[in-house]
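In full-length UniProt numbering, the protein residues as written are 1 to 387.
Each residue gets a CB set at the ideal place from its N, CA and C atoms; glycine is no exception.
This report refers to the structure that appears directly beneath it.
Right under this line is the structure:
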């Protein structure tokens with residue numbers, strides 16, 4: 001490009017605007033010293049490792065369980081809904097903006113070759129959302145076909161005892177014939193003092209059977225939903241890990257003049273995003289043989305950024321994050337991750353917790369939940385100024 005474009009002598013009427021954009025982009029990226037503030041970037045490996053892991057562990061620690069205090073339950077609810085807002089804001093305010101800067105129509109890539117003249121960012125985001133929709137639908141159908149739809153268990157399946165039964169008469173007894181137990185005198189008192197008639201015992205057995213069947217059905221439903229919940233969470237984590245890995249390798253391979261401010265903002269970014277990941281991970285009922293996955297997912301998110309910071313430090317002399325190829329790879333991955341988080345945030349998180357929520361929720365609780373979500377959106381949107 002240096003042979004065909006002389007930045008000292010530019011004819012704006014004849015020059016291709018893409019050459020100016022690409023030159024300015026390379027000039028901006030080339031101003032950073034890859035060896036500057038090396039100790040700070042090494043320290044960032046451990047700083048982000050601690051805060052990223054802490055973010056995922058907090059919702060698991062305060063996961064609703066027997067004996068958890070009211071403050072703990074409310075904090076879990078806050079982390080869960082706050083995390084939903086963080087994930088949605090990350091998609092729009094971080095990934096989408098970054099993707100447009102890298103391969104958008106006004107970028108060097110977007111003004112060159114086959115990337116020119118087509119909204120590739122929007123196309124990739126849309127394609128990813130549709131892929132998520134098809135994958136989600138297919139997963140639901142697979143679970144339904146393999147395990148069957150859970151049947152509704154209702155009270156009429158168990159016959160309630162008739163008044164005559166509770167008074168000591170059985171419907172199977174002939175008319176006018178009383179059970180022998182009513183004619184048997186009690187050695188300790190009148191017949192009315194007999195402890196429990198057999199017919200009442202049968203009614204109690206029916207009620208106990210109903211409770212046991214409902215518990216077994218609930219356990220079966222949780223077991224059948226586990227593959228679908230796990231697949232949905234894996235896709236969410238996949239999108240978040242892509243985003244974190246790009247942040248890590250860029251931070252490790254170059255040094256910004258505002259690295260301290262960037263690192264502080266990035267620390268809060270990873271902490272809040274970890275809250276969202278951990279809260280959704282805590283929703284999954286893992287069978288005993290799969291509980292180790294919970295620790296694996298926490299470790300993956302907690303360490304991914306630090307690992308790629310170390311990778312970026314190792315290749316900082318050979319890897320140029322401002323190169324044409326690097327921008328294409330980063331832009332495509334950011335666009336795909338954006339689509340994943342948009343679908344997950346709107347459908348899996350907000351829609352299920354607000355629109356399709358089947359439990360009872362008071363107006364006060366509903367408003368408070370919405371405030372938590374908006375708080376997460378607001379905080380993550382403010383961090384977009386630095387990260």
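Judging by CA-CA distance, which residue of the options is the nearest neighbour of residue i?
i           : options               : result
residue 271 : 137, 23, 134 and 303  : 303
residue 283 : 62, 346, 336 and 129  : 62
residue 391 : 227, 131, 242 and 313 : Any answer about residue 391 is impossible in this case: the structure gives the chain only from 1 up to 387.
residue 392 : 124, 290 and 324      : Outside the shown range of the chain, which is 1 to 387, sits residue 392, and nothing can be said about it.
residue 44  : 313, 317, 384 and 112 : 313
residue 49  : 38, 60 and 306        : 306
residue 133 : 72, 344, 77 and 362   : 344
residue 142 : 361, 229 and 360      : 229
residue 267 : 292, 319 and 384      : 384
residue 342 : 368, 126 and 319      : 126
residue 111 : 326, 18, 57 and 367   : 18
residue 352 : 292, 53, 139 and 81   : 81
residue 324 : 119, 118, 113 and 10  : 113
residue 263 : 47, 9 and 128         : 47
residue 51  : 296, 269 and 326      : 269
Under a three-way DSSP split, which group does residue i fall into?
i           : result
residue 280 : helix
residue 104 : coil
residue 17  : helix
residue 161 : Reliability fails at residue 161, whose pLDDT of 48 lies under 50, so the model's placement of it is uncertain and the value that follows must be treated cautiously. DSSP places residue 161 in coil when its eight states are reduced to three.
residue 139 : helix
residue 321 : coil
residue 11  : coil
residue 273 : helix
residue 362 : coil
residue 227 : helix
residue 368 : helix
residue 66  : coil
residue 288 : helix
residue 118 : coil
residue 112 : coil
residue 154 : Any reading at residue 154 must be qualified, since the residue scores a pLDDT of 39, below 50, and its modelled position is unreliable; no value is offered.
residue 258 : coil
residue 357 : coil
residue 178 : A caution first: residue 178 carries a pLDDT of 48, below 50, which makes its placement in the model unreliable, though a value can still be read off. Residue 178: coil per DSSP, three-state reduction.
Rounded to the nearest angstrom, how far is the Cβ of residue i from that of residue j, given a contact under 8 Å?
i           : j           : result
residue 232 : residue 386 : About 31 Å separates the two Cβ atoms, so there is no contact after all.
residue 340 : residue 236 : 7 Å
residue 86  : residue 285 : That belief does not hold up - the Cβ atoms of residue 86 and residue 285 are roughly 23 Å apart, past 8 Å.
residue 248 : residue 309 : 4 Å
residue 252 : residue 332 : About 21 Å; that fails the 8 Å criterion.
residue 243 : residue 95  : 6 Å
residue 79  : residue 382 : Rounded, the Cβ-Cβ distance is 19 Å, inconsistent with contact.
residue 294 : residue 60  : 7 Å
residue 376 : residue 55  : Their Cβ separation, rounded to whole angstroms, is 12 Å, which puts residue 376 and residue 55 out of contact at 8 Å.
residue 57  : residue 234 : Not a contact, Cβ separation roughly 19 Å.
residue 246 : residue 330 : 6 Å
residue 366 : residue 88  : About 18 Å; that fails the 8 Å criterion.
Which first and last residues belong to the alpha helix (DSSP H) in which residue i is found?
i           : result
residue 59  : 38 to 61
residue 385 : Where residue 385 is concerned, there is no enclosing alpha helix (DSSP H), given that its DSSP letter is neither H nor E.
residue 76  : 70 to 89
residue 296 : 292 to 314
Return the chain-ordered list of same chain residues with a C-beta closer than 6 Å to the C-beta of residue i, the five sequence neighbours on each side being excluded.
i           : result
residue 25  : 108
residue 100 : 121
residue 164 : Legend: pLDDT at residue 164 = 48, less than 50; position of this residue unreliable, value from coordinates given subsequently. Once the five neighbours on either side are set aside, residue 164 has no close Cβ partner at all.
residue 348 : 232
residue 75  : 62
residue 319 : 253
Can you give me the Cβ contacts of residue i inside the same chain, cut-off strictly under 7 Å, excluding the 5 residues immediately before and after it?
i           : result
residue 374 : 85
residue 240 : 273, 277 and 301
residue 250 : 312 and 321
residue 259 : 37 and 40
residue 7   : 23
residue 338 : 91, 95, 96, 99 and 125
residue 140 : 228
residue 265 : 383, 386 and 387
residue 93  : 380, 381 and 384
Just to confirm my understanding: we take residue i, look at its own chain, exclude 5 residues before and 5 after, and list those with CB closer than 8 Å. What are they?
i          : result
residue 73 : 62 and 64
residue 69 : none
residue 10 : 20
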